[in-house]
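**Student:** Just so you know, we're using this note's numbering here: the sequence shown kicks off at 26 and counts up by one. All residues carry an ideal CB built from backbone N, CA and C; glycine is no exception.
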Amino acid sequence: MTVYGIGLGPGDADLVTVKGKRLLESVDVVYSPGRLSRTVALNHVPEERIGDLDFPMTRDPDELRRAWKEAAAEVAERAASDDIAFVTLGDPNVYSTFGHLRRTLDAFHPEIELEVVPGVSAMTAFATALGVEIESGTGLALREAANGAVPTGPDRMILFKVTDAPATYEGLTEAGYDVKFGRRLFMEQGETLVTSDPEELEERDYYTLAYAERAGLERDVATAEFDGVDSEGSV
Ligand SMILES: C[S@@+](CC[C@H](N)C(=O)[O-])C[C@H]1O[C@@H](n2cnc3c(N)ncnc32)[C@H](O)[C@@H]1O
């Protein structure tokens, strides 16, 4: 049988892919690593098909490895007779807990067949939510900014895990970036917030990202960008 890693998208149940939804409806059990992903999954799966796996609230690597080994053993045992889904918010291969499960299954249960169904990642959904266009020909880097971290360098960056928005804002603006934050984008749980004011984000919320763009970036004139169009539409 197969273990499916299924991306649920950023949190809006309508942003699950058609393939993801079909599989959620057909597998025997759906495991979720947290409350939010479980809530999204429950839009597509009845509660009795949601499975429980224990994840300790710890950063101790040995304890975490032990917990993943136990979780993988349970998943592998169930996968002997059933199809299984393990869901994650966004995409399963972008900064995701699914990576821990996949590595542990690969190491201890290599016989298990795995298939990944990509999801709409916050990495792409942010552009629509924040009204940003990443024009063709430009670069974009993905970074982590947990605990006030301020990675800098590239002209345009998305920063995940913004847990101290005021500190990240201060560091980025000092380094010459314009910054926009997005919290709980396309999420049905909690309030969506898009702002450039870090004071609105003083309360910590893990589901926060930032888009940073070097101030005063030179831009080539984009295709289909029209200044001074007259009433007949000629440029
Ligand atoms: C562990 S990563 C998981 C990323 C996920 N696998 C994905 O592809 O979007 C969690 C971080 O992603 C960002 N994130 C995920 N979903 C988000 C959302 N709906 N709104 C804002 N940020 C989000 C936040 O920065 C959060 O700290």
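In the structure shown, what three-state DSSP assignment does Thr129 receive?
**Tutor:** Working through the sequence shown from its first residue, we reach residue 129 at position 104. Three-state result, Thr129: helix.
**Student:** Thinking C-alpha only, which one of Thr163, Ala147 and Ala152 is nearest Phe185?
**Tutor:** Translated into the one-based positions of the sequence shown, residue 185 becomes position 160. When each option's Cα is compared against that of Phe185, the closest is Ala147.
**Student:** What do you reckon, is the C-beta of Phe251 under 7 Å from a heavy atom of ligand 3?
**Tutor:** Within the structure as shown, ligand 3 is missing, the only ligands being ligand 1.
**Student:** How far does the beta strand (DSSP E) with Asp203 in it extend, from its first residue to its last?
**Tutor:** Start at 1 with the first residue of the sequence shown, and residue 203 comes out as number 178. Counting along the chain, the beta strand (DSSP E) containing Asp203 begins and ends at Tyr202 to Arg208.
**Student:** Tell me whether Pro176, by its Cβ, gets closer than 7 Å to a heavy atom of ligand 1.
**Tutor:** Counting from one through the sequence shown, the residue named residue 176 turns up at place 151. Flag unset: Cβ of Pro176 not near ligand 1.
**Student:** What is the DSSP secondary structure of Arg103, reduced to helix, strand or coil?
**Tutor:** Mapped onto the sequence shown, residue 103 falls at position 78. Arg103: helix per DSSP, three-state reduction.
**Student:** If distances are taken between C-alpha atoms only, which option among Gly30, Pro176 and Arg74 comes closest to Arg239?
**Tutor:** Counting from one through the sequence shown, the residue named residue 239 turns up at place 214. Nearest of Gly30, Pro176 and Arg74 to Arg239, Cα basis: Pro176.
**Student:** Shorter than 7 Å, the distance from the beta carbon of Ser146 to the closest heavy atom of ligand 1, or not?
**Tutor:** Taking the sequence shown and counting its residues from 1, the one referred to as residue 146 is at position 121. Yes, the Cβ of Ser146 comes within 7 Å of a heavy atom of ligand 1.
**Student:** According to DSSP, is Ile173 part of a helix, a strand, or is it coil?
**Tutor:** Residue numbering aside, residue 173 sits at position 148 when the sequence shown is read from its first letter. Before going further, note that residue 173 is Gly rather than Ile in the sequence given. Of the three classes helix, strand and coil, the one that applies to Gly173 here is helix, per DSSP.
**Student:** Can you grab the Cα-Cα spacing for the pair Leu126 / Ala92, in whole Å?
**Tutor:** Against the sequence shown, residue 126 aligns to sequence position 101. Against the sequence shown, residue 92 aligns to sequence position 67. Leu126 and Ala92: Cα-Cα distance of roughly 10 Å.
**Student:** Looking at Leu33 and Thr113, is the spacing between their C-beta atoms short of 8 Å?
**Tutor:** Along the sequence shown, one-based indexing puts residue 113 at 88. Along the sequence shown, one-based indexing puts residue 33 at 8. In contact: Thr113 and Leu33 (Cβ atoms closer than 8 Å).
**Student:** Specify, as a first and last residue, the run of the beta strand (DSSP E) that Met182 falls within.
**Tutor:** Position 157 of the sequence shown, counted from the start, is the residue given in the question as residue 182. Per DSSP, Met182 belongs to the beta strand (DSSP E) from Arg181 to Phe185.
**Student:** For Tyr231, count neighbouring C-beta atoms within 10 Å of its own C-beta (all shown protein chains included) and say buried if the count is 16 or more, exposed if not.
**Tutor:** Counting from one through the sequence shown, the residue named residue 231 turns up at place 206. It counts as exposed.
**Student:** Reducing DSSP to helix, strand and coil, say where Arg229 ends up.
**Tutor:** For the purposes of this step, residue 229 is taken as residue 204 along the sequence shown, with counting starting at 1. If DSSP states are grouped into helix, strand and coil, Arg229 belongs with coil.
**Student:** My parser needs the beta strand (DSSP E) runs of 3 or more residues fully inside the region 109 to 167; what are they?
**Tutor:** List check, beta strand (DSSP E) in window: 109 to 113 and 138 to 142.
**Student:** With three or more beta-carbon pairs closer than 8 Å as the criterion, would you say the region 133 to 142 touches the region 191 to 203?
**Tutor:** Not touching, per the Cβ criterion.
**Student:** Answer yes if the region 90 to 108 comes into contact with the region 44 to 56, meaning at least three C-beta pairs across the two stretches below 8 Å, and no otherwise.
**Tutor:** Yes, the region 44 to 56 touches the region 90 to 108.
**Student:** Taking 7 Å as the line, does the beta carbon of Tyr56 fall inside it for any heavy atom of ligand 1?
**Tutor:** Along the sequence shown, one-based indexing puts residue 56 at 31. The answer is no for Tyr56.
**Student:** Helix, strand or coil for Thr42, going by three-state DSSP, please let me know.
**Tutor:** Here residue 42 refers to the residue found at position 17 when the sequence shown is read from its first residue. Three-state result, Thr42: coil.
**Student:** Does the distance from the CB of Leu155 to the CB of Val204 come in under 8 Å?
**Tutor:** On the sequence shown, position 130 is the one that residue 155 refers to. On the sequence shown, position 179 is the one that residue 204 refers to. Taking 8 Å as the Cβ cut-off, Leu155 and Val204 do not qualify as a contacting pair.
**Student:** Classify Met182 as buried or exposed, calling it buried when 16 or more other Cβ atoms lie within 10 Å of its own Cβ.
**Tutor:** Locating residue 182 in the sequence shown gives position 157, counting from the first residue. Looking at its Cβ environment, which holds 16 or more other Cβ atoms inside 10 Å, Met182 is buried.
**Student:** I'd like the list of long-range same chain contacts for Phe151, defined as Cβ closer than 8 Å, with 5 residues on each side in sequence excluded.
**Tutor:** Along the sequence shown, read from residue 1 onward, the residue named residue 151 stands at position 126. Contacts found: Val157, Ile183, Gly207, Leu210, Leu234 and Tyr236.
**Student:** With a 10 Å radius around its C-beta and 16 neighbouring C-beta atoms as the bar for buried, classify Asp77 as buried or exposed.
**Tutor:** Within the sequence shown, the letter at position 52 stands for residue 77. Exposed: under 16 other Cβ atoms inside 10 Å.
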